[in-house]
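**Student:** Below: one structure in structure tokens.
Protein chains: 2
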Amino acid sequence: MNALYAELTQRLADLTALEEVVGILSWDQEIVMPSGAAESRGRQLSTVQVIAHERLTHPRLAELLNALRDDPTLDATQVANVREAQRDVDKATRVPAHLVRAQAETAVRGHEIWVAARKNKHFAAFAPVLNELVEIAKARAAAIAPDKPAYDVLLDDYEPGMTMARLDPVFDRLKEVLLPLIARIRAATDVPDMTWLTQHVPADTQRQVGENIVRSMGYDFTCGRLDTSVHPFCGGAGPTDVRITTRYAENAFLGSLTGMIHETGHALYEQGRDVALADQPVSRARSMGIHESQSLLWEKQVGHGAAFWQAQYPKLQSAYGFLKDKPLDAFLRGVNDVNAQNLIRVSADELTYPLHVILRYELERDLFSGRLNVEDLPAAWNAKMQGYLGITPPDDAVGVLQDVHWSGGAFGYFPCYTLGALYAAQFYQAALAQHPDIPEKLAAGEVEPLLGWLRAHVHRVGSRLTTDALVTAATGRLLDPEAFLSYATAKFTRLYGL
Amino acid sequence: MNALYAELTQRLADLTALEEVVGILSWDQEIVMPSGAAESRGRQLSTVQVIAHERLTHPRLAELLNALRDDPTLDATQVANVREAQRDVDKATRVPAHLVRAQAETAVRGHEIWVAARKNKHFAAFAPVLNELVEIAKARAAAIAPDKPAYDVLLDDYEPGMTMARLDPVFDRLKEVLLPLIARIRAATDVPDMTWLTQHVPADTQRQVGENIVRSMGYDFTCGRLDTSVHPFCGGAGPTDVRITTRYAENAFLGSLTGMIHETGHALYEQGRDVALADQPVSRARSMGIHESQSLLWEKQVGHGAAFWQAQYPKLQSAYGFLKDKPLDAFLRGVNDVNAQNLIRVSADELTYPLHVILRYELERDLFSGRLNVEDLPAAWNAKMQGYLGITPPDDAVGVLQDVHWSGGAFGYFPCYTLGALYAAQFYQAALAQHPDIPEKLAAGEVEPLLGWLRAHVHRVGSRLTTDALVTAATGRLLDPEAFLSYATAKFTRLYGL
């Protein structure tokens, strides 16, 4: 084996191990850490992160990557591994230390100020630190790629290769189809009984039912665990230690269940990574958009669909007495209820969710191009909410202050949610074309051949291919909103009898 | 502040953070990690440990310590901090890398072979790897201090400053008093009913009662947590994150309870460390012997005594129906039962435990001086068991193969258990002399002033003083077995009506 490449993989394996350590420390902090340990945990995390940064910016690593960049003896996987490592090194070396520090410190302060501002429904208190975070993000973008628009550089952090030039037409097309569809649904007079959705179900019953469903989706409990947390997440340390969490609202059983299915989608991606290359960047999940495609494919295409519930609904009915006489169709209508009056992104339905995202994308884009100032955000937010959904937030807490992202300086993340929905629809369509028996198998409680298709075309591919190459190899075309739009139009037209 | 000293503390803080990270990874591995993650956890741990070793042996750290060694501007705490750091650096730099590797690899192999050998009751299968481990330990000792007897260097790993020259007369004195005392007990005809000790108590009831007692001892749950594990331990990451575990045998409630009290003694020591210096070596627990003194003081002097149970026994009686009519005296007689027929160290009582330790100490000492060969260990073990306790193990599994220590090359650890018992008796005697109301307060359910005395004289002292200085400052004299011997003689003479 190429000696330089062997040395490179050793250095990258150490970096992966440090990332995994951060994963365990973070999981521990959320789930089991005693409250008194918050300060010492902060020191432990920053020590490990500083060491990882030192290693990522070590001159020898840059030297190895330089020497290997055009090495003709490397195979395709090795070439991809070098490319992914180079990407990490570039970002780490180009951003000067003072900006990294400023970002970290301002994010901590920003979060505190945001919590208070949201509580007081008072955007003006948050505006100054948000301004600082925007300026830092601009400086960071300029350091990474001075020749590119700042917001494109930020998008690239979460979705490598994504740009405004590509997103604008995609999002415009979504609006073109979704806005009239939502208007037709809003006009629908069919208002079925939904009170069963708020029936009381003890947390422990929810946990048992949920665990059973998670297991039947192919989640491997020998390489993972399920815990309870305020904010559900999928974390852990590499493909053999993938930990998911959920919360159990005793008067909203459906939310915890679809939340578990969503996190299981993320977890199946992580558990499906190439274990033989688990310590190398090339095995990592491709991007946040592709990650979200896996959670949404299982939550929406599968977990909001009739086939899946043919097998799983009887489990619910036998555990939750009030569902015994509820037909599957009525249950599915409840699962897929569209509520265009909802102000909050995280509780939005499948149809309105993209509009919540597009709103945020457009504001971020205009903020970074200079067309919009921070102080004008609330007015711009409310105008867009009125334009897209016909509602205006009564205050900023349920408007411009509702999301945590900006308080930590995470600009450019929101589009990934909707990219995920679009990729999910493309993947599911492609899998169905290749395996028309997927619905029939799901209806029999079997996740194969769907899971096998995802393993082969997404999970095991990892970062071997770029996002575009992966999506093209899997679906025959680049990012394309039509799969989602035809799926959504057909489904909701049918459900609402439009 | 001295700039060099400030630089030193920064480097030491990083090392402490890495040690704490290892603490969390290890706790996670024992308590919550999915089984499939064993291999990746091994990589994470070794990555962090290699980084810690690189930092401990970094030339700049040695330079700083050199420059600060005789710096007259340092105060006593700073001088002690330099001394403790120097000790760590010396051990890390003097042992060559090939020995560290050989030790680690042979320990893994040794453990595997020992598990099989114990299962097959076949010492001969374990002898070759044990021989290797002894030779590696000798080489390691020679690398650290070539002018000292090897076994003294090994003792110093766990109990800094301890030597065979000091241990021999102490242990001889213990034998002189304990052997005839045990003989008198063995001859006692008083055999009370002990069947209540094996009454069934559900694990959850044991947990509730135990948690209550642990809390009443002053254990701070905001800086710790209590979990279940096969081998109980006290772990975590620094004084604000001290985690204890226990196991619940449903037909031996007393074992889990005294086990919890024991681990709480360790935990109180860790939680009582100087938080302001938590990231520096000077705040660390003084030694394994002093650590064991804290667990044993709470388990034995306090937790096997009448005063403590006057407050706590009613809790047991109300939770465990079968104790309702059992008088406190009969309960205490059961708690303190001496079983000289017991072959196993970990389940030995307070009186015979030191003999199990002395036996191991004498064998280790003779092994390292060359007076005893590995292959002769079983015969030597059995002869000593016969000489001290009048019993001979029926096989090696319950004889020479019973302990895990040697399988990992941990030679010189055993004496700490009995040093702990001796220090515990000295500390308790000194605390009583200063606060004669300790029993009265314990009987009222109050751990003050005992805990306050331990905080001031042991916990907060950390490693500011050497063991000898700490013990002298706290008790007015050096290590001295008489406190333990008079306590034990008085207690067991009374309990057994001798």
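These protein sequences, in sequence, are chains A and B.
Going by this note's numbering, the first residue of the first sequence is number 27, and it counts up by one from there.
Going by this note's numbering, the first residue of the second sequence is number 27, and it counts up by one from there.
In this text, a Cβ means the ideal position worked out from N, Cα and C, and glycines have one as well.
None of the values given here were measured: they were computed from a predicted structure.
1) Would you mind stating whether residue 522 of chain B and residue 327 of chain B have Cβ atoms separated by less than 7 Å?
2) Is the segment 224–242 of chain B touching the segment 343–356 of chain B in the sense that three or more CB pairs, one from each, lie closer than 8 Å?
3) Between the segment 504–515 of chain A and the segment 317–325 of chain A, do at least 3 Cβ pairs fall closer than 8 Å?
4) Flag residue 47 of chain B as yes if its beta-carbon sits less than 7 Å from any beta-carbon of chain A, otherwise no.
5) Identify the continuous beta strand (DSSP E) that holds residue 252 of chain A and give its terminal residues.
6) Any beta-carbon of chain A closer than 7 Å to the one on residue 270 of chain B?
7) Under 7 Å, Cβ to Cβ, is there at least one residue of chain B near residue 63 of chain A?
8) Could you compute how far the alpha carbon of residue 157 of chain B sits from the alpha carbon of residue 37 of chain B?
9) Mind checking if residue 251 of chain A is an interface residue toward chain B, Cβ cutoff 7 Å exclusive?
10) For residue 367 of chain B, which residues of its own chain have a beta-carbon under 7 Å away from its beta-carbon, when the five flanking residues on both sides are left out?
11) Could you tell me which residues DSSP puts in a beta bridge with residue 434 of chain A?
12) Look at residue 337 of chain A and residue 73 of chain B and say whether their C-beta atoms are less than 7 Å apart.
13) I want to see whether chain A comes within less than 7 Å of residue 66 of chain B, judged by CB atoms only; does it?
14) Regarding residue 310 of chain A and the ligand ZN, is the C-beta to nearest heavy atom distance less than 6 Å?
15) Hey, does residue 163 of chain B have any beta-carbon neighbour from chain A nearer than 7 Å?
16) Compare the Cα-Cα distances from residue 439 of chain A to each of A:78, A:470, A:101, A:193 and report the closest residue.
17) Relative to the alpha-carbon of residue 506 of chain B, which residue among B:446, B:467, B:257, B:120 has its alpha-carbon at the smallest distance?
18) So which residues of chain B does residue 267 of chain A contact, with C-beta pairs closer than 8 Å?
19) Contact check, residue 362 of chain A vs residue 330 of chain A under 8 Å by CB: the rounded distance?
20) Where are the beta strand (DSSP E) runs, 3 residues long or more, that stay fully inside the segment 419–472 of chain A, in chain order?
21) Which residue marks the beginning of the beta strand (DSSP E) containing residue 269 of chain B, and which one marks its end?
22) Please name the residue, chosen from A:69, A:78, A:103, that lies closest to residue 31 of chain A on a Cα-to-Cα basis.
23) Report the residue ranges of all alpha helix (DSSP H) runs contained in full by the segment 78–131 of chain A; include only those spanning at least 4 residues, in chain order.
24) What distance in whole Å lies between the Cβ atoms of residue 200 of chain B and residue 370 of chain B, which are believed to be in contact at a cut-off of 8 Å?
25) Where does residue 262 of chain A fall in DSSP's three states?
26) Taking residue 323 of chain B as the query, report the chain A residues whose CB atoms sit under 8 Å from its CB, ordered along the chain.
27) Helix, strand or coil, according to DSSP, for residue 523 of chain B in the structure here?
28) Apart from the five residues just before and just after residue 152 of chain B, which ones in its own chain have a Cβ nearer than 6 Å to its Cβ?
29) Under a three-way DSSP split, which group does residue 502 of chain B fall into?
30) What's the call for residue 136 of chain A, buried or exposed, on a 16-neighbour Cβ count within 10 Å?
31) Any C-beta of chain A sitting closer than 7 Å to the C-beta of residue 73 of chain B?
32) Using 8 Å for Cβ pairs, my map puts residue 435 of chain B next to residue 163 of chain B. What's the rounded Cβ distance?
33) Return the chain-ordered list of same chain residues with a C-beta closer than 6 Å to the C-beta of residue 410 of chain B, the five sequence neighbours on each side being excluded.
34) With DSSP run on the structure shown, which of helix, strand or coil describes residue 234 of chain A?
35) Among residues of its own chain, excluding the 5 on either side of residue 148 of chain B, which ones have a beta-carbon nearer than 6 Å to its beta-carbon?
36) In angstroms, rounded to a whole number, what distance separates the CA positions of residue 154 of chain A and residue 212 of chain A?
**Tutor:** In short, the structure shows the following:
1) no
2) yes
3) no
4) yes
5) 250–254
6) no
7) yes
8) 38 Å
9) yes
10) 417
11) For residue 434 of chain A, which the question treats as bridged, DSSP gives no partner whatsoever.
12) no
13) yes
14) What this structure holds is no ligand at all, so the ligand ZN is not there to describe.
15) no
16) A:193
17) B:446
18) 59, 60, 62, 63, 66, 67
19) 5 Å
20) none
21) 268–272
22) A:103
23) 85–94, 102–120
24) Their Cβ separation, rounded to whole angstroms, is 19 Å, which puts residue 370 of chain B and residue 200 of chain B out of contact at 8 Å.
25) strand
26) Near residue 323 of chain B there are no residues of chain A at all, since even the closest Cβ is about 24 Å away, more than 8 Å.
27) coil
28) 139, 140, 143
29) coil
30) buried
31) yes
32) 6 Å
33) 385
34) helix
35) none
36) 38 Å
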